[in-house]
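Written below as structure tokens is the structure these notes are about.
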Amino acid sequence: MIEALILGFVQGLTEFLPISSSAHLRILGEFLPGAQDPGAAFTAITQLGTETAVIVFFWRDIVRIVSHWFGSFTGRVPRNDPDARMGWLIIIGSLPIIVLGLLFQDAIETTLRSLWITATMLVVFGLILGLADWAGAKRRKLDDLTVGHGVIFGFAQALALIPGVSRSGGTITAGLFLGYERAAAARYAFLLAIPAVFGSGLYQLVKSFGEPSVYNLVETGAATVVAFFVGLAVIAFFMSYISKRSFLPFVIYRVLLGGTLFVLLGMGVIQP
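Its first residue numbered 1, the sequence shown is counted upward by one per residue in the UniProt record's numbering.
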């Protein structure tokens, strides 16, 4: 239970920062007494806690988007209403990760969880995030979001199926390259994650019944609750932080973490 609570805390702490929560859970698992990968199912289920934090934090936005999206079908809301349009853009942007997640499910749960891959993704996508933050125009707002951009955001989010990429990091990086403001890219990234994470988490939750796993449902549930409360605090901090500061500290952290992981793997301290 203590291990699960620690992992839940780390999940909440890292989910919304562009440093990859799945990478941190994967790495931390090697240093806990059991010294084993918590598993893709544990990661997906605990993400239900952090995504519930997104719903709480952006509750007014979500209610407005959903009501306007449904209203656009009845004519109560114009089809070109920004919130109704955002509903469609969230649906469109969610399609890539759903399709790719189902197609590559076996690889996601096995091969792609190698720590060599995790270390590489931490470094490479950390440097790409730094480049995007430096080169991006940061002028576009969410009202400028197009269907094409929504698809690009969606494929960027799908890269997070690989531990080390980061769901928020991948989508925010795409947004910065497309010229969006930091806060706008982050807001869309968080909203875009809701359908995918809830779909994946609930699927893994149902699938986990009757199957052996590192942590039982009670332990996983406790970790999910911890992830919710920690995640809620981190969202508030992160949205305030990026409105004034760059992503450079996260880039440096990713490169150092990835480099340290390479050293530990090379010395045989941990196994991939």
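A virtual CB, placed ideally from N, CA and C, is assigned to each residue, including glycine.
TODO: Measure how close the beta-carbons of T120 and G164 come, nearest whole angstrom, since I'm counting them as under 8 Å.
DONE: The Cβ separation is near 7 Å, so the contact holds.
TODO: Please confirm whether Q11 and S20 have their CB atoms less than 8 Å apart.
DONE: No, Cβ-Cβ distance for Q11 and S20 is not below 8 Å.
TODO: Please name the residue or residues paired with L254 in a DSSP beta bridge.
DONE: Correcting the residue type first, residue 254 is Arg in the shown sequence and not Leu. R254 is not bridged to any residue.
Task: Supposed close pair V123, V255 - CB separation, criterion 8 Å - done: Confirmed, about 5 Å.
TODO: Could you round the C-beta distance between A174 and I152 to whole angstroms and report it? I think they count as a contact, below 8 Å.
DONE: With a Cβ gap of about 5 Å, A174 and I152 count as contacting.
Task: Exposure of G268, with buried meaning 16 or more beta-carbon neighbours within 10 Å - done: Per the 10 Å Cβ criterion, exposed.
- [ ] Assign R76 to one of three DSSP states: helix, strand, or coil.
- [x] In this structure, R76 counts as coil in the three-state DSSP scheme.
- [ ] Answer yes if the segment 179-191 comes into contact with the segment 47-67, meaning at least three C-beta pairs across the two stretches below 8 Å, and no otherwise.
- [x] Because the criterion of three Cβ pairs below 8 Å is met, the segment 47-67 and the segment 179-191 touch.
Task: Nonlocal neighbours in the same chain, by C-beta distance under 8 Å from P78, ignoring five residues either side - done: If we look at P78 and ignore the five residues flanking it on each side, its Cβ neighbours are S72 and A84.
- [ ] Assuming T118 contacts I27 (C-beta within less than 8 Å), just tell me the rounded distance between them.
- [x] Contact annotation, T118 with I27: C-beta distance approximately 7 Å; criterion of less than 8 Å satisfied.
Task: For G201, the nearest candidate out of A156, T74, I98 and T14 (CA to CA) - done: Closest option to G201, Cα to Cα, is I98.
Task: When I91, V225 and A44 are compared against I65, the one with the closest alpha-carbon - done: It is I91 whose Cα lies nearest to the Cα of I65.
Task: Nearest to L178 (by Cα), restricted to the options A132, L112 and V226 - done: Among A132, L112 and V226, the Cα nearest to that of L178 belongs to A132.
Open item on the list: I need the DSSP call for R139, collapsed to helix, strand or coil.
Closed with: Note: R139 maps to coil in three-state DSSP.
- [ ] Taking only runs that begin and end inside the segment 124-199, name each unbroken alpha helix (DSSP H) of 4 or more residues, in chain order.
- [x] For the segment 124-199, whole alpha helix (DSSP H) runs of length 4 or above, ordered along the chain, are 147-158 and 167-177.
Open item on the list: Using the three-state DSSP reduction, which class does residue 278 fall into: helix, strand or coil?
Closed with: Outside the shown range of the chain, which is 1 to 272, sits residue 278, and nothing can be said about it.
Open item on the list: So, under 8 Å CB-CB, V197 and L13 are touching, yes? Tell me the CB distance rounded to an integer number of Å.
Closed with: Going by Cβ atoms, the distance from V197 to L13 rounds to 16 Å, so no, they are not a contact pair.
Task: Where T110 falls: helix, strand or coil (DSSP) - done: Coil, per DSSP.
Task: Of the listed residues R182, I128 and T224, nearest to A137 (C-alpha basis) - done: Of R182, I128 and T224, the residue nearest in Cα terms is R182.
TODO: Please report how far the alpha carbon of M86 lies from the alpha carbon of W69, in whole angstroms.
DONE: The C-alpha of W69 is placed about 8 Å away from the C-alpha of M86.
Open item on the list: Taking 7 Å as the cut-off, is the beta-carbon of L5 closer than that to any non-hydrogen atom of the ligand MG?
Closed with: In the structure on display, the ligand MG does not appear, and there are no ligands present to speak of.
Task: Terminal residues of the alpha helix (DSSP H) in which I242 lies - done: For I242, the enclosing alpha helix (DSSP H) starts and ends at L217 to I242.
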